[in-house]
Every structure is written in C-alpha cells, then in structure tokens.
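Below is one structure, written out as structure tokens, with a few remarks after it.
Residue numbers (my numbering), protein chains in the order written: chain A, 1 to 187; chain B, 1001 to 1187.
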C-alpha cells in the first residue's frame, strides 16, 4: 500500500510517501515540505497548500492520505493554522475519492518509537532506521509526515481487524433482534 | 459593493449575500445554509462545503467574501470544525482571486446591534430591520452570515481609511529614514 503522510501546517506542511505492508521492510518514495510565506494573506497561503498537496498526489498517486489529527490543547494560533492546513489536505484527497485516515501525534510516536511521548529527535532517528535512510529527513515536519505514513501502514491491519469485529458484532445483534422479533410474532 | 458573508460550520455553514454601500439602504440578494451530514467522513464533509460555497460564488459573483474569524477559546470540537469549514471558504474565494476579509463575532455583533455581546435574537432582529425583511432569516447561522456581510460593508470605509493612514505613516517613516541616511552619507 502507498500512503502519503501529511504533517499539516501553514508555514511548513510536511509531506512524505511510504510504500509497503506491515511486517515487510518499507520504502520511502519521496519526502518534502510545502511552504507558504507568513506575511501572505491566509487565503493565499491556503491556495499554496492546496497546490502543493495536489502536486504530491499527482506525482505519487497514493492509495490513502494519512493526516495528523489536530487537537486544540496546544498553542491557540498554531492550532488554527494546523486545522486549516489539515482541512485543505483532507479536501484534496477526498475530492479525488482517496480515503483519508487521521492519527494522533501520540499514536504516531508510539508506532515508530514505542513511546507516545518520544521527542522529535527520537522520531527522526526511528524514521531513518525504519526506512533505511542515510540521514534523518529535515526539517522535523518532513520526518513527521513519513512517521504518519509508517504509522498508518503498521496500524492498518489492526484497524481493519477492529472494524471487522465491530461489523460482525453489529450483524450478530441484528440477527438476534430479528430472531426475537420473529419469535414475538409467532407466539 | 457585493459581499458574500460566511458563518463557517461543518453541520450548518451560513451563507448570505448583501449588496450596497455604507450610508445607503442595503439589499439582501440571497441567504441560505450549506449543510453536511454529521455521520459522513470529515473529508467528504469538506468536499460538501466546497461545493456549496462554489455554487454561491458562481450564482452571485461577490466582490469580497467576509468570513467569521475563528477563535479557540470556545468548545474544542466545534472550533476545529469551524476552522476547517472557514479554511474551505477562504480557499474557494482566494482560488478565484476574490479578496477575503475576516471579522470577529464581537465586531459583527457591535456593527449590527451596537453591542459586542448581543445575543442571537438581537442580531437576527437587527439583520431583519437593516435588510427590510419580513421575518428574521432562519436558522441563526443564515442570519449571522448576513450580519457578517453587513458588518463588512459598514466597516469597509473605516478600514480603508485606517489602511491608508498606516500606509501613509510607513511612507513618511521611509522618507525620513532615507533623508537621515542621505544626511549621514553627506556629512
């Protein structure tokens, strides 16, 4: 599976493409940063992010786009920009029918380092090792985008199993309800 | 001037078009709500908002899009959705080269009711009176979108004067700096 990871941000939006399946060595196909100028109007910056993401989707045709789930407990100004950039990334993917998955920062850190509280350096070091790169990708936003893609590929089988279990449970409940309704009628 | 006001939201995104200039009676050209289903994926919802906003821009060709400035002090979940919907509205406008203006909720309330702390009913009543409507637009998001457009039209002359003053001040400073630099060199 080929995943485009997006670490959303208005000034630096990290992007990274990883291909592979859980349990096998993963391959990095590309990594970079979409930048917009802090002194440009917000609308112009969002158009810049849109163009950048479109280019990455055009170039790598990912099967899925994994975006960092934004929380509001951090710095107020940063969070607004992050939410807006992530909206543009999700919009670009959904418009083309490409599925979007969201992962929290701690899910991503836990997936690649084993700890949900790992620092940037640790994430960078593990991304370098997992993808067999010669040096950690710079800036940190680029490494985080790759970590998101890796996290998605590794978590996907577990998530699929969970979804199947939930679906099966719903089906069993529906069958049970139907059976008891039939029983009620035939009494 | 023709302004499209957008009260951003994922479930209900208020839209309203007002035409006129400060000091003259204003006219409402259209009002409505772009809705998306709460149980749809976030990406699908953003695509729905994009389509809705595009339709309103196509239909009314506004010269400017006024969007509510989002703050993070409110409910965490709501704010994320609001920030994401506002990003899509700003993107749609900027992509077509239509200028975007942001106004805070208290600026909008103060502009139409005289108080930055007015409630929804008061805003609805004043929008009804200002635009000479037979009844307050429903839901409140639609009325808020019209209030945003009115606020922009009424504040625009003051904002233009302010921007001109700031620009003139910068120019004078630049001239003064240049003069003192020349004086320094010729000493």
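C-beta atoms are modelled at their ideal positions from N, C-alpha and C, and glycine is treated no differently.
Keep in mind the model is a prediction, meaning the values are calculated, not measured.
Using only the alpha-carbon positions, how far apart do residue i and residue j sit?
i: residue 1151 of chain B; j: residue 1068 of chain B; result: 11 Å
i: residue 1029 of chain B; j: residue 1144 of chain B; result: 15 Å
i: residue 40 of chain A; j: residue 1022 of chain B; result: 28 Å
i: residue 19 of chain A; j: residue 1156 of chain B; result: 51 Å
i: residue 71 of chain A; j: residue 1081 of chain B; result: 11 Å
i: residue 1010 of chain B; j: residue 134 of chain A; result: 43 Å
i: residue 187 of chain A; j: residue 1054 of chain B; result: Confidence at residue 187 of chain A is low in this model, with a pLDDT of 48, below 50, so the placement of that residue should be treated as unreliable; the coordinate-derived value is given next. C-alpha separation (whole angstroms): 58 Å.
i: residue 1139 of chain B; j: residue 1058 of chain B; result: 23 Å
i: residue 115 of chain A; j: residue 65 of chain A; result: 23 Å
i: residue 1123 of chain B; j: residue 1109 of chain B; result: 7 Å
i: residue 1032 of chain B; j: residue 142 of chain A; result: 41 Å
i: residue 1 of chain A; j: residue 1061 of chain B; result: 43 Å
i: residue 242 of chain A; j: residue 8 of chain A; result: Because chain A is modelled from 1 through 187, residue 242 of chain A falls outside the range shown and cannot be assessed.
i: residue 52 of chain A; j: residue 1098 of chain B; result: 20 Å
i: residue 1112 of chain B; j: residue 1148 of chain B; result: 9 Å
i: residue 1042 of chain B; j: residue 1136 of chain B; result: 31 Å
i: residue 14 of chain A; j: residue 34 of chain A; result: 6 Å
i: residue 1049 of chain B; j: residue 106 of chain A; result: 30 Å
i: residue 63 of chain A; j: residue 1102 of chain B; result: 36 Å
i: residue 165 of chain A; j: residue 120 of chain A; result: 35 Å
i: residue 38 of chain A; j: residue 47 of chain A; result: 13 Å
i: residue 1104 of chain B; j: residue 169 of chain A; result: 47 Å
i: residue 1026 of chain B; j: residue 3 of chain A; result: 51 Å
i: residue 93 of chain A; j: residue 100 of chain A; result: 7 Å
i: residue 1096 of chain B; j: residue 1044 of chain B; result: 22 Å
i: residue 84 of chain A; j: residue 1036 of chain B; result: 18 Å
i: residue 158 of chain A; j: residue 1012 of chain B; result: 34 Å
i: residue 1024 of chain B; j: residue 1005 of chain B; result: 19 Å
i: residue 16 of chain A; j: residue 56 of chain A; result: 9 Å
i: residue 1146 of chain B; j: residue 1153 of chain B; result: 11 Å
i: residue 1117 of chain B; j: residue 176 of chain A; result: 54 Å
i: residue 172 of chain A; j: residue 1132 of chain B; result: 58 Å
Look up residue i in the DSSP assignment and say whether it is helix, strand or coil.
i: residue 1026 of chain B; result: coil
i: residue 1006 of chain B; result: strand
i: residue 132 of chain A; result: coil
i: residue 66 of chain A; result: strand
i: residue 1034 of chain B; result: strand
i: residue 118 of chain A; result: coil
i: residue 1060 of chain B; result: helix
i: residue 11 of chain A; result: coil
i: residue 1155 of chain B; result: helix
i: residue 1141 of chain B; result: helix
i: residue 1021 of chain B; result: coil
i: residue 51 of chain A; result: helix
i: residue 45 of chain A; result: helix
i: residue 1172 of chain B; result: helix
Using a Cβ-Cβ cut-off of 7 Å, state whether residue i counts as contacting chain C.
i: residue 99 of chain A; result: The structure shown contains no chain C; its protein chains are A and B.
When DSSP builds the beta bridges, which residues end up paired with residue i?
i: residue 1091 of chain B; result: DSSP, once it has assigned bridges, lists no residue as partnering residue 1091 of chain B.
i: residue 1016 of chain B; result: B:1005 and B:1031
i: residue 101 of chain A; result: A:66
In chain order, what residues of the stretch 1027 to 1049 of chain B put their CB closer than 9 Å to some CB of chain A?
1041, 1042, 1043, 1044, 1045, 1046, 1047 and 1049
Decide if the stretch 128 to 141 of chain A is in contact with the stretch 85 to 94 of chain A; the criterion is three or more beta carbon pairs, one per stretch, under 8 Å apart.
no
Return the residues of the stretch 1094 to 1110 of chain B that lie within a Cβ-Cβ distance of less than 9 Å from chain A, sorted by chain order.
1094, 1095, 1098, 1099, 1100 and 1102
Chain-ordered residues of the stretch 80 to 95 of chain A with a beta carbon less than 8 Å from chain B
80, 83, 84, 85, 86, 87, 88, 90, 91, 93, 94 and 95
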